[in-house]
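Chemist:
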Amino acid sequence: MAKTIPTEQLILLHNKMLAFSPRHPERKNLICSVAEGFGVSESTIRRQLREHIHFSGGTRIDKNIPRAISKTDMLLYCQLIAALKIRTSNKKNKHLSTQACIRILEEHGVETENNLIKASPGTLKKATINRYLKKWGYDFFSMKIEPTVVHFEAEYSNDCWQFDFTPSDFKQFSAPDGKKLFIVNVTDDKSGTVYFEYVLAHGEDALTALRFLFNAMAPKKISGMPFQGIPKMIYTDNGAFAKSALFKRVLAALGIELKTHLPRGKDGRRTTARAKGKTERTNRSAKEMFEPLFHLHEPTSLEQLNEWAANYLKQSNEMSHRSEDCGRLEAWKRFLSQEGYRKMCSWDKFCQIVREPEARLVGSDACVSVDGVLYQLSSDMASLEVILLHGVFDNELHVEFDGEISGPFYPFKGPIPLHTYRTPPKSHREKQADEIADLAKNLSVPLSVMTGNSADGVVKQLKNAHVIEYEVKSIPFEEKLIDQFQNRFEAKHAISHYLNRPLATLSPAQLDYVDQIVGESLEKETVMTKVRQYFTLALCQLGEK
């Protein structure tokens, strides 16, 4: 075992060494003298110094400063390489490597808005570039940094439900017709209460979404699961169902506002799906806490799968609320509004809401075809236009006719066998037509229709024979007398009297205009009106001058 040097001697040695620079030769001489005095090696002295005293390693003055090229050029090249990686990245964050970016800069260059930037061959090294990219914050991870998360929360329960589809990780489930297993879930924004189901579907279609939402809003068959009601708003992504006109129309009929977050890539670097992070958390919890158990016990049917999911829902909703001192289901009850929750309608009413009206002309056999299926309607509707109310959840057909909804009507059973003809019962329209036909057979009109002779037609005949005279009143024509001069001399005399001056004192142009007026017409009103307009205008122009 090496001899232990007293701590006081090590401190004295360290203080003497501080007087010299880290690489000064005198420091080594001091260590050698102490080692000789205690009869130990230099390594022992250095090791015991490190155990008691922390030595900061010496660094270069120009550390982290490029030496092959200037710092400005290195910064520019790092920015261009970082931009190339961002420009060539895909959804899986695969992008050009640093070596490939260096090769492009050296062999071809990069065009910017100002000029072409090209690096000299052999100037840039991959290790150096990677080190400066990380040091200056231009590495790919730093360039993908997202803005700070801002949390939101509804004020009351059922104010907002977050809704989402996600493919299940359980792939062993055999599905017919190429359908896939999905987890469809809603999460109450305020309480975090969860409800989800497993469904088989080809994708995120509107019909699957509507069926699930009815189950989520209706009273549950699960004991101890009071979560229900129509929410005020549904917050979801931009899946196919959210763009469906049928889905939007049904939500509007139920008084639900549909909100979708921005599509992916439409808000810069922010992951838009995190806007509905509560339901994304539900999906992840189901895949990490529930579905791994399928390796121990594999479900055999969809019904069994949903039965096990209902048991998991009970446990999940009993977990603690994220901020309140109670469970999630208890928080849902506690934070309901004073009015309570809005009850969901029955399945029949929901099917009626989903029905989309369509105007169609019924055939002469009182049948109408819907999606290739022939439905037999009432005989009253034969050859008339009706409004079909066929819902996507209906196996029968409802019809609106004459302002009334009738039905259900079922598919046509086909033609009857030969020699088994039966007379169908008469409809109301047919009975009404028969009554009018019987009335037409029995009615008649007087002969006076043809001859014109009738008891009450005597007065009319006397009038035609001019025996009875009636005084006809009329309004006499009022002839308007036209007052005019007898000749031009009289007209000019009237003009001179109006102007209060002899016409000889007028200018030649004014005299010509007076001759023109009396030459066109001798009507007093016309002549005096033109004279008045002309000389009034002349006076105005003279005043302006």
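Residue 663 is where the sequence shown starts when you use this note's numbering, and the numbers rise one by one after that. Backbone N, C-alpha and C define an ideal beta-carbon position, used for all residues, glycine too. For clarity, every value in this text was computed on a predicted model and none was experimentally measured.
(1) If you draw a straight line from the alpha carbon of leucine 872 to that of phenylalanine 909, how long is it in whole angstroms?
(2) Label threonine 750 either buried or exposed according to how many other C-beta atoms from any shown protein chain fall within 10 Å of its C-beta, with 16 as the threshold for buried.
(3) Rank Val812, Arg685, Ala1171 by C-alpha distance to the C-alpha of threonine 933 and give the top, closest one.
(4) Starting from the C-beta of tyrosine 1175, find all residues in its chain whose C-beta is less than 8 angstroms away, skip the five residues before and the five after it, and write them out in chain order.
(5) Can you name the residues that DSSP bridges to glutamate 919?
(6) According to DSSP, is asparagine 1049 part of a helix, a strand, or is it coil?
(7) Looking at the strands, I want to know which residues DSSP matches up with glutamate 773.
(8) So if DSSP puts glutamine 1146 in a beta bridge, which residue, or which two residues, is it bridged to?
(9) Quick one: residues in its chain with C-beta nearer than 6 angstroms to the C-beta of alanine 937, no 5 flanking neighbours on either side, listed in chain order?
(10) What residue range does the alpha helix (DSSP H) around phenylalanine 903 cover?
(11) So tyrosine 857 is in the alpha helix (DSSP H); what residue range does that whole segment cover?
(12) Between the alpha carbons of serine 1008 and threonine 810, how many angstroms are there, rounded?
(13) Between the segment 763-783 and the segment 814-830, can you find at least three pairs of beta-carbon atoms closer than 8 angstroms?
(14) Based on Cα-Cα distance, which residue from Ile727, Leu1046, Ala762, His864 lies nearest to leucine 1215?
(15) Check whether the segment 935-952 touches the segment 851-861, counting contact only when three or more Cβ pairs, one atom from each stretch, lie closer than 8 angstroms.
(16) Distance, Cα to Cα, aspartate 821 vs isoleucine 896?
(17) Please check the pair methionine 981 and alanine 880, which I expect to be a contact at CB under 8 angstroms, by giving their CB distance rounded to whole angstroms.
(18) Closest to leucine 916 by CA distance: which of Lys665, Ser906, Phe876 is it?
(19) To the nearest angstrom, how far is it from the Cα of lysine 882 to the Cα of asparagine 900?
(20) DSSP three-state call for valine 1016: helix, strand or coil?
(21) If contacts are defined as beta-carbon pairs under 8 angstroms, then tryptophan 994 and phenylalanine 903 qualify, I think. What distance do you get, rounded to the angstrom?
(22) Give me the Cα-Cα distance between glycine 1002 and lysine 852, rounded to the nearest whole angstrom.
(23) Kindly indicate the opening and closing residues of the beta strand (DSSP E) around threonine 828.
(24) Within 10 angstroms of its Cβ, does isoleucine 892 collect 16 or more other Cβ (buried), or is it exposed?
(25) Hey, how far is the Cα of phenylalanine 803 from the Cα of methionine 736?
(26) Quick check: phenylalanine 1151 and lysine 1186, are their CB atoms within less than 8 angstroms of each other?
(27) Give me the Cα-Cα distance between arginine 911 and leucine 1101, rounded to the nearest whole angstrom.
Modeler: In terms of the structure at hand:
(1) The straight-line gap from Cα to Cα measures roughly 7 angstroms.
(2) Under this definition threonine 750 is an exposed residue.
(3) Comparing Cα positions, the closest option is Val812.
(4) These residues qualify, in order along the chain: Tyr1196.
(5) Glutamate 919 has Met895 as its beta-bridge partners, per DSSP.
(6) According to the sequence displayed, residue 1049 carries isoleucine and not asparagine. DSSP places isoleucine 1049 in strand when its eight states are reduced to three.
(7) Under DSSP, glutamate 773 forms a beta bridge with Leu778.
(8) Partner(s): Glu1185.
(9) The answer, listed in chain order, is His923.
(10) Unbroken run through phenylalanine 903: none, as it is neither H nor E.
(11) Taken as a continuous stretch (DSSP letters only), tyrosine 857 belongs to no alpha helix (DSSP H), being part of the beta strand (DSSP E) at 856-863.
(12) Near 44 angstroms, if we compare the C-alpha coordinates of threonine 810 and serine 1008.
(13) By the Cβ rule, the segment 814-830 does not count as touching the segment 763-783, because fewer than three pairs are nearer than 8 angstroms.
(14) Beyond the ends of the chain as shown, which are 663 and 1207, falls residue 1215; an answer cannot be given.
(15) In short, these stretches touch, since the Cβ pair count reaches three.
(16) Distance between the alpha carbons of aspartate 821 and isoleucine 896: 9 angstroms.
(17) The Cβ separation is near 24 angstroms, so there is no contact.
(18) Closest by alpha carbon: Phe876.
(19) Answer to the nearest angstrom: the Cα atoms are 28 angstroms apart.
(20) For valine 1016, the three-state secondary structure derived from DSSP is helix.
(21) Approximately 25 angstroms separates the beta-carbon atoms of tryptophan 994 and phenylalanine 903; this is outside 8 angstroms, ruling out the contact.
(22) When rounded, the distance between both Cα atoms is 15 angstroms.
(23) In the DSSP annotation of this structure, the continuous segment of the beta strand (DSSP E) that includes threonine 828 starts and ends at 823-829.
(24) By the neighbour-count criterion, in which a residue is buried when 16 or more other Cβ atoms sit within 10 angstroms of its Cβ, isoleucine 892 is buried.
(25) Roughly 20 angstroms separates the two Cα atoms.
(26) Taking C-beta atoms as the reference points, phenylalanine 1151 and lysine 1186 fail to come closer than 8 angstroms.
(27) Roughly 50 angstroms between the two C-alpha positions.
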